[in-house]
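Below is one structure, written out as structure tokens, with a few remarks after it.
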Amino acid sequence: MRSLRGKTVLVAGGAGFIGRHLVRRLLASGASVIVADDLSSGQDVGCDQVQFFRCDIAIIQDLPSADIIFNLASPASPPIYQRDPIQTWKSNVLGTLNLLDHAIRCNATLVQASTSEVYGDPLSHPQKEEDWGHVNPIGLRSCYDESKRAAESLLMDAFRTRETDIRIARIFNTYGPGMRPADGRLIPNFIHQALSGMPLTIFGDGQQTRSLCFIDDTVNALLLMAAVPEARGEVVNIGNPREQSVLDIAACVKMITGVDVPLVFSNLPQDDPVRRCPDISKAIRLLGWQPRISLQDGLQEILTATANPV
2 MRSLRGKTVL VAGGAGFIGR HLVRRLLASG ASVIVADDLS SGQDVGCDQV QFFRCDIAII
62 QDLPSADIIF NLASPASPPI YQRDPIQTWK SNVLGTLNLL DHAIRCNATL VQASTSEVYG
122 DPLSHPQKEE DWGHVNPIGL RSCYDESKRA AESLLMDAFR TRETDIRIAR IFNTYGPGMR
182 PADGRLIPNF IHQALSGMPL TIFGDGQQTR SLCFIDDTVN ALLLMAAVPE ARGEVVNIGN
242 PREQSVLDIA ACVKMITGVD VPLVFSNLPQ DDPVRRCPDI SKAIRLLGWQ PRISLQDGLQ
302 EILTATANPV
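My numbering numbers the first residue of the sequence shown as 2 and each following residue consecutively.
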């Protein structure tokens, strides 16, 4: 990523799971990095090379100027974002508005980390960027789903009316080293349960599907979203098009960990999507990107990191 060398990059939410991995890659690319995070769901970045601001982006902040802004400032785990749904809404809507205003002042590129959750429980399959989504606007997950949709609307209006350089990455299920065991999402739940000798919890019948993308692949796509001129004003799915059932993912976790634990079944959470799989033809065409790391290799990376913590 030679185009990032010497750039000043602001990462809102840089102390979160994806944010920490992105920050490390930015530093390795020769960028100067500023992190803004309230640490409500993230961890201290622990790097002297980073200029850190502990703040809530939903409140107007006096942040330094930047060439590129990445907005990852939102919890993505349902148990965490449902814990304070109003704050989740504020972070995703008011926070995005504040970062948009900052990007306009700085004449910066703004890369928005949106989510596959904007598709809700999709009516079409696989999900394409042109799909409008099928979301419950008053459900338990709506604080996240609908606020992310509102943020996309805001940014596209800024692009159309002010020609602001915005790029929207709709990120599908991402996993990798550094996720908290109590995160509440599929892979950290399964890994934690397997390594603790606990049964793996399957919500519903386990036939619902997910498309899991390893963190390194996701970060590569985010960097390309910032660097590729053709991504300006575009919405791009970032995820792995290999669709797998939750039962198959559980079997893979058991195989990689070498732990033979039983499965226990629980009720499916409200509005949990039944199928989730991205159409990434636009990412391939626009960014020259597609995921490279298999689920087996990604899980092995997590186990290695767990056994050898930094």
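Glycine included, every Cβ here is placed at the ideal spot set by N, Cα and C.
Residues of the same chain with a CB within less than 6 Å of the CB of L225, apart from the 5 flanking positions on each side, are L288 and W290 in chain order.
The alpha helix (DSSP H) runs of length 4 or more contained entirely in the stretch 82 to 156 are, from start to end of the chain, 86 to 107. Secondary-structure assignment with DSSP links S267 through a beta bridge to F204. Between A74 and L40, the C-beta gap is not smaller than 9 Å, which leaves the two residues out of contact. Under the three-state reduction of DSSP, F54 is assigned to strand. Take the alpha-carbon of V136 and the one of C144: they are about 11 Å apart. Per DSSP, the unbroken beta strand (DSSP E) holding I169 starts and ends at I167 to I172.
F173 counts as buried, since no fewer than 16 other beta carbons sit within 10 angstroms of its beta carbon. Within the DSSP secondary-structure output, A37 pairs in a beta bridge with A13 and F54. When the five nearest sequence neighbours on each side are left out, the beta carbons in the same chain lying within less than 7 Å of the beta carbon of I58 are those of A13, A37, A74, S92, G96, N99 and L100, in order along the chain. Per the DSSP secondary-structure output, P279 pairs in a beta bridge with Q128. Judged by DSSP in its simplified three-state form, S246 adopts strand. Here R21 is buried. Its C-beta has 16 or more other C-beta atoms within 10 Å. Here V254 really is in contact with L300; their C-beta atoms are around 6 Å apart, less than 8 Å. Distance from the CA of E231 to the CA of V237, rounded to the nearest whole angstrom, comes to 11 Å. By the Cβ rule, the stretch 142 to 160 does not count as touching the stretch 213 to 222, because fewer than three pairs are nearer than 8 Å. When only Cα atoms are considered, R181 and P189 end up about 7 Å apart.
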